[in-house]
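S.K.: Quick one: the structure is below, questions incoming.
Number of protein chains: 2
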Amino acid sequence: MRKKKPYHHSNLREVLLASAVQLIAEAGPSGFTLREVARRASVSHNAPYRHFRDRGALLAAVAAEGYLELNDAMLAAANQQPGPLDRLKRAGLAYVTFALRRPEHFTVMFETMLSKESHPEATKASELAFSTLTGLVQSSQSTGQLVAGDSLQLALLAWSMVHGIAKLAITGRLPYRSKTKILEFAEFVIDHSLPK
Amino acid sequence: MRKKKPYHHSNLREVLLASAVQLIAEAGPSGFTLREVARRASVSHNAPYRHFRDRGALLAAVAAEGYLELNDAMLAAANQQPGPLDRLKRAGLAYVTFALRRPEHFTVMFETMLSKESHPEATKASELAFSTLTGLVQSSQSTGQLVAGDSLQLALLAWSMVHGIAKLAITGRLPYRSKTKILEFAEFVIDHSLPK
DNA sequence: CGATTATGTTGTCGCTGTCAACATCCAACG
DNA sequence: CGTTGGATGTTGACAGCGACAACATAATCG
Chain P
652 MRKKKPYHHS NLREVLLASA VQLIAEAGPS GFTLREVARR ASVSHNAPYR
702 HFRDRGALLA AVAAEGYLEL NDAMLAAANQ QPGPLDRLKR AGLAYVTFAL
752 RRPEHFTVMF ETMLSKESHP EATKASELAF STLTGLVQSS QSTGQLVAGD
802 SLQLALLAWS MVHGIAKLAI TGRLPYRSKT KILEFAEFVI DHSLPK
Chain D
652 MRKKKPYHHS NLREVLLASA VQLIAEAGPS GFTLREVARR ASVSHNAPYR
702 HFRDRGALLA AVAAEGYLEL NDAMLAAANQ QPGPLDRLKR AGLAYVTFAL
752 RRPEHFTVMF ETMLSKESHP EATKASELAF STLTGLVQSS QSTGQLVAGD
802 SLQLALLAWS MVHGIAKLAI TGRLPYRSKT KILEFAEFVI DHSLPK
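Residue numbers (our numbering), protein chains in the order written: chain P, 652 to 847; chain D, 652 to 847.
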């Protein structure tokens with residue numbers, strides 16, 4: 652009901668998406684090529700155009716998928732903790748963990764401006780993830796574990812923090828070699844700079 | 652003494668660099684093209700290869716220039732304040748301001764891993780800027796305005812913070828439209844999340 | 001002045017994104 | 001059950017790109 656059965660190459664759209672994710676993971680966003688994606692899907696170099704307007708549209712779809720996965724990861728991490736503030740912290744760590752686990756995917760998600768009009772699906776998935784974060788912030792505020800005040804501003808503060816850590820880590824700017832060390836640093840930052 | 656006088660096209664290297672900066676500002680990093688840079692310098696499409704090994708080398712040179720400019724901006728902003736902590740805060744705001752003023756340039760500086768071996772100049776300029784930040788952190792610690800402890804860790808915390816704000820702002824993720832509003836947010840973050 | 005080397009040009013290659021034209025195949029309707 | 005139309009996939013083409021090689025020129029140094 653969601654989707655008409657494909658014709659020749661059953662599922663081509665999903666196959667293309669999966670190939671794109673894999674290619675980005677291997678070659679990085681710069682090595683990502685519509686033609687190589689088509690090759691991996693064993694399809695002519697122009698077949699992708701039947702499912703994505705252009706290169707950017709396929710990248711946006713990849714980004715949308717990433718936002719959903721990120722959202723899931725944050726929710727799963729948060730749900731392992733009882734207290735609201737702990738849940739928020741865990742979600743923040745999950746954000747960094749996701750960036751470390753899928754750096755190229757993460758890069759695709761945030762390298763572009765993703766105009767709301769042209770890529771509504773990606774925008775929506777992005778907003779979903781942010782609403783999760785906002786919810787965690789508000790919960791922490793309601794129990795007094797987090798300072799009262801503009802929750803939007805606080806959520807953006809938390810986002811900026813973990814995003815900065817993730818970006819610096821991915822681009823090799825942090826002097827920590829292992830993921831463990833990086834996550835320890837992230838924990839340090841979260842513990843010391845969330846305004847209680 | 653710094654440089655042998657150029658032959659045909661006096662100064663081509665600098666002209667190329669300036670053209671590259673301008674092109675990046677106009678077309679963004681993705682629209683940056685070696686051949687377009689050559690065109691703007693009124694030179695054949697292969698002339699740049701006499702001065703830069705490849706596209707990446709020219710981008711690295713642009714990045715290096717950006718780090719120096721960023722460093723100057725932070726120092727200038729810091730020097731307008733007497734107290735160490737105020738100096739640190741001002742430098743952080745200058746970081747965000749720089750990103751907002753030259754978003755494409757900033758993107759080029761941080762989009763790549765810039766391997767230390769292949770682009771030593773850019774790496775050095777980057778380390779210079781970070782050492783400026785570290786110095787400001789240590790000063791703030793020595794007067795007790797900033798919590799004692801590992802200054803490297805604290806400097807990285809401060810960096811992550813402003814970097815996250817800058818990145819989110821540049822990619823249009825913050826719900827603030829004007830630079831003023833963004834800087835107000837940055838000030839809020841800095842004031843509330845630097846561990847005193 | 002002659003030779004060497006730095007600098008710039010022309011030509012070429014394979015790759016890319018995208019468009020247009022053509023082919024194929026499912027599905028709905030008579 | 002057959003036809004037809006639209007969705008899907010292919011072939012071919014084009015310009016632009018990064019990079020390499022071969023060639024041309026000009027500045028420097030003996």
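Beta carbons are placed, not taken as given, at the ideal position from N, Cα and C, and that holds for glycine.
1) Mind checking whether P:Leu787 and P:Ala742 have CB atoms under 8 Å apart?
2) Is the Cβ-Cβ distance between D:Lys847 and D:Leu797 less than 8 Å?
3) Are D:Phe836 and D:Leu825 close, meaning C-beta to C-beta below 8 Å?
4) What would DSSP say about P:Lys655, mapped onto helix, strand or coil?
5) Note down the Cα distance separating P:Gly853 from D:Gln804, rounded to an integer number of angstroms.
6) Are D:His843 and P:Leu808 touching if we call contact CB-CB under 8 Å?
7) Skipping 5 residues on each side, what residues in its chain have a beta carbon closer than 8 Å to that of D:Thr731?
8) Quick check on DSSP: helix, strand or coil for P:Leu797?
9) Would you mind stating whether D:Leu834 and D:Thr748 have Cβ atoms separated by less than 8 Å?
10) Go through the region 736 to 785 of chain P residue by residue and report every complete run of the alpha helix (DSSP H) that reaches 4 residues or more, in order.
11) Would you say P:Ile816 lies against chain D (beta-carbon separation less than 8 Å)?
12) List the endpoints of the continuous alpha helix (DSSP H) containing D:His814.
13) I think D:Phe761 touches P:Thr794, with their Cβ atoms under 8 Å apart; what is that distance to the nearest whole Å?
14) Distance check for D:Arg753 and P:Ala724, CA to CA, integer angstroms please.
15) Could you give the distance in angstroms between the alpha-carbon of P:His770 and the alpha-carbon of D:Ile675?
16) Would you decide whether P:Thr758 is buried or exposed? Buried here means 16 or more other CB atoms lie within 10 Å of its CB.
17) P:Pro733: buried (16+ other C-beta within 10 angstroms of its C-beta) or exposed?
18) Less than 8 Å between the beta carbons of P:Asn722 and P:Ala806, yes or no?
19) For P:Ser811 and D:Leu744, what's the separation of their Cα atoms in angstroms?
M.R.: Quick answer:
1) yes
2) Yes, these two residues count as a Cβ contact at 8 Å.
3) yes
4) The pLDDT assigned to P:Lys655 is 40, lower than 50, so where the model puts this residue is not dependable; a value taken from the coordinates is nonetheless given after this. Correct three-state label for P:Lys655: coil.
5) Residue 853 of chain P lies beyond the range of chain P shown here (652 to 847); nothing can be said about it.
6) yes
7) The sequence shown places Gln at residue 731 of chain D, rather than the Thr named in the question. The answer, listed in chain order, is Arg741.
8) coil
9) yes
10) 754 to 762
11) yes
12) Ser802 to Ile821
13) Not really, about 37 Å apart at Cβ, beyond 8 Å.
14) 34 Å
15) 24 Å
16) buried
17) exposed
18) no
19) When the Cα atoms are used, P:Ser811 and D:Leu744 turn out to be separated by approximately 14 Å.
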